[in-house]
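Beneath this line is the structure, given in structure tokens, with notes to follow.
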Amino acid sequence: MMINTEKFQADLLAWYDKHKKPLPWRLSRDPYKIWISEIMSQQTQVETVIPYYERFIKKYPTIKDLAEAEDAELLKLWEGLGYYSRARNLKLAAIEVQENFDGVFPSDLMDILSLKGIGPYTAAAIASIAFDAVEPAIDGNLLRVTSRLYRISEDISLGRSRKVFEEKLRGLISSERPGDFNQALMDIGSTICKPKQANCDSCPLADYCQLAFSEEAVNFPVKTKKLKQKDLYYAALALQNSSGEYYLEKRPSTGLLANMWTFPLVEMNKKEYEAVLSGEAIQSLPDLPESISRTAFLDKLTHIFSHQKWHIAVIQAIPEDRFEVAEDFLTEDKLWLEDMSAIPLAGPQVKIFELLNK
DNA sequence: CATACGTGGAG
DNA sequence: TCTCCAAGTAT
């Protein structure tokens with residue numbers, strides 16, 4: 001079945017004009033705002049993004065503001081969104097724009113693609129939405145919709161499958177309204193042509209779709225990759241001084257939860273972890289200001305990342321053991337704090353803190 | 001190319 | 001409770 005491209009575009013864009021989601025970043029064509037919205041939207045649902053986006057634009061209205069942002073403030077603003085390297089890369093890219101493009105966000109696709117944190121999808125999205133570049137922005141939605149339109153069975157988990165989808169979309173995209181074309185397909189994908197429900201009754205593309213009203217639709221796209229989390233076991237040490245402040249450390253600048261703050265964590269195997277749960281003392285304490293003679297098991301919790309599952313036993317130094325520490329022990333990476341509102345904390349630490357204040 | 005990288009919503 | 005998924009990118 002051959003698709004009439006002009007008619008397809010007309011139907012799709014007419015639907016978009018009537019039904020498009022009223023998103024805050026769609027009020028502007030400022031590439032900076034489009035960029036921020038696209039980065040935040042990676043692997044994140046739109047409803048989650050909106051309040052973060054509003055706060056971000058208010059705090060950093062221009063690229064220059066972002067380039068000069070303070071790292072901790074930026075991370076704090078990103079707290080809870082996940083994939084924190086996105087925030088670090090945003091600032092790095094803003095600095096690149098200052099230095100390499102005179103502070104003006106580039107309009108050329110390859111220039112955009114050169115920026116830190118921007119890959120093929122985001123570059124095409126920004127180029128098409130902000131600069132009318134005729135480039136398909138191929139995200140999960142477009143992959144799903146396209147796979148159903150053409151009954152494409154290539155496994156989207158494999159990088160080499162990309163060209164099949166790209167070829168089809170290049171043949172369909174509107175050269176007059178490429179940005180709206182991309183966003184229209186994203187909206188169709190997120191509101192109608194969903195992973196486990198195709199809803200062809202309300203789809204403006206049903207006439208063109210090889211899998212319209214077919215029970216097969218939900219089996220597309222084909223995706224093989226499945227993730228399995230690794231179980232990791234920790235004791236988290238809640239150490240309070242006589243002022244009621246907790247001892248926190250900054251995590252390394254690379255890897256999981258880079259640069260975020262944490263209660264000291266002691267990694268252990270499952271057997272040791274279970275021993276701690278049953279009240280036994282921790283075998284190997286980390287390098288702390290003073291040794292802790294007496295600890296008590298408080299409670300346990302779990303936290304699931306995309307690739308790890310943390311089992312955390314929260315351990316408190318009992319009140320009699322509250323200790324003071326010499327000021328010179330504390331550095332930029334170690335501190336005592338009662339108010340957590342000023343430092344970036346990730347999921348596990350937030351949960352631990354809530355547990356302590358229960 | 002496979003894996004690391006967060007979190008919250010939906011069924 | 002469990003599994004999959006959501007506007008991906010870096011390495």
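Okay, so the first sequence: first residue is 1 according to full-length UniProt numbering, each after it adds one. Positions of the beta carbon are idealized from the N, C-alpha and C atoms, including for glycine.
Check: Where does D231 fall in DSSP's three states?; Outcome: strand
Check: Straight-line CA distance for N199 to K226?; Outcome: 26 Å
Check: My guess is that A67 and I95 are in contact by the Cβ rule of under 8 Å, so how many angstroms apart are they, rounded?; Outcome: 5 Å
Check: Among the candidates Q42, N219, Y84, whose CA atom is the shortest distance from the CA of G255?; Outcome: Y84
Check: Pull up the distance between the alpha-carbon of L335 and that of L237, whole angstroms please.; Outcome: 14 Å
Check: Measuring CA to CA, which of D155, Y208, G189 is closest to L172?; Outcome: Y208
Check: In the DSSP assignment, the alpha helix (DSSP H) including T224 goes from what residue to what residue?; Outcome: Run containing T224: none; DSSP gives neither H nor E here.
Check: So for Y246, helix, strand or coil by DSSP?; Outcome: strand
Check: Please report the Cβ distance between Y16 and T62, rounded to the nearest whole angstrom; I am assuming they are in contact, meaning their Cβ atoms lie under 8 Å.; Outcome: Actually they do not touch by this definition, with Cβ atoms about 29 Å apart.
Check: Going by C-alpha to C-alpha distance, which of F220, E79, I192, T146 sits closest to P204?; Outcome: I192
Check: So M268 is in the beta strand (DSSP E); what residue range does that whole segment cover?; Outcome: 265-268
Check: Note down the Cα distance separating E245 from K64, rounded to an integer number of angstroms.; Outcome: 36 Å
Check: Going by beta carbon distance, what residues of the same chain come within less than 7 Å of P348, once the five residues before and after it are set aside?; Outcome: H303, W310, I312
Check: For the ligand FAD, I want to know if D132 counts as a neighbour, meaning its beta carbon is within less than 8 Å of at least one of the ligand's heavy atoms.; Outcome: With respect to the ligand FAD, the structure offers nothing, as it holds no ligand at all.
Check: I'd like to know if the segment 213-226 and the segment 144-161 are in contact, where contact means that at least 3 CB-CB pairs between them fall below 8 Å.; Outcome: yes
Check: Suppose only complete runs of 4+ residues qualify. What are the alpha helix (DSSP H) ranges in the segment 7-69, listed by chain order?; Outcome: 31-41, 46-59, 63-67
Check: Is L337 buried or exposed, if buried means 16 or more other CB atoms sit within 10 Å of its CB?; Outcome: exposed
Check: Using the beta-carbon count (16 or more within 10 Å), is L27 buried or exposed?; Outcome: exposed
Check: Take the Cβ of G189 as the centre, count every other Cβ of all protein chains shown within 10 Å, and call the residue buried at 16 or more, exposed below.; Outcome: buried
Check: Is the segment 49-57 in contact with the segment 73-90, if contact means three or more CB pairs nearer than 8 Å?; Outcome: yes
Check: Round the Cβ separation of K59 and N89 to the nearest angstrom and send it over; I've been treating them as touching at under 8 Å.; Outcome: Going by Cβ atoms, the distance from K59 to N89 rounds to 17 Å, so no, they are not a contact pair.
Check: Does DSSP put F297 in a helix, in a strand, or in coil?; Outcome: strand
Check: Going by C-alpha distance, which of L345, L23, P264 is nearest Q316?; Outcome: P264
Check: Using C-beta distances below 6 Å, list every residue in its chain close to S107, excluding the 5 sequence neighbours before and after it, in chain order.; Outcome: F131
Check: Name the DSSP bridge partner or partners of H307?; Outcome: DSSP output for H307 lists no bridge partner at all.
Check: Smallest Cα separation from L113: which of G103, V104, A125?; Outcome: A125
Check: Measure the CB-CB distance between M260 and Y233 and report whether it falls below 9 Å.; Outcome: no
Check: Could you tell me the distance, in whole angstroms, from the CA atom of R170 to the CA atom of A87?; Outcome: 31 Å
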